[in-house]
Amino acid sequence: LLLYVSAELEEKDIPHRSKVTDLILEKYASERTNIITDAQNALGRVSFTSDLWTDEQLRAFMAITLHYLAKDQHGRL
Numbered sequence: 046l047l048l049y050v051s052a053e054l055e056e057k058d059i060p061h062r063s064k065v066t067d068l069i070l071e072k073y074a075s076e077r078t079n080i081i082t083d084a085q086n087a088l089g090r091v092s093f094t095s096d097l098w099t100d101e102q103l104r105a106f107m108a109i110t111l112h113y114l115a116k117d118q119h120g121r122l
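Per our numbering, residue 46 is the first one in the sequence shown, and the count goes up by one each step.
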């Protein structure tokens with residue numbers, strides 16, 4: 046579809062699905078590490094909230110949200 050829509054694209058310009066998967070997993074690992082570091086350096090308490098639900102095909106989902114205060118690169122909250 047991308048090749049059809051855009052004449053200047055070539056097959057080599059579109060990443061393979063395994064490359065996209067690898068990039069997503071790398072980004073996940075990086076962000077997970079950042080969140081853990083931020084939570085460990087949080088000012089005060091850290092709170093968690095969660096939500097569970099299923100879709101129409103009865104697939105289960107869970108979301109966890111982390112709440113905390115941290116200073117930015119300029120020292121502001």
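Cβ coordinates follow ideal geometry from the N, Cα and C atoms, glycine included.
A direct Cα-Cα distance of roughly 14 Å separates R104 from D96. As far as DSSP is concerned, H119 takes part in no beta bridge. As the crow flies, the alpha-carbon of R121 is around 8 Å from that of A115. Counted as a single uninterrupted DSSP element, the stretch harbouring S51 is not any beta strand (DSSP E), since DSSP gives it neither H nor E. Per DSSP, L68 lies in no beta strand (DSSP E) segment; the continuous alpha helix (DSSP H) that holds it begins and ends at 62-85. Straight-line measurement puts the Cα of D100 at about 42 Å from the Cα of H119. When beta bridges are read from the DSSP output, I109 appears opposite S95.
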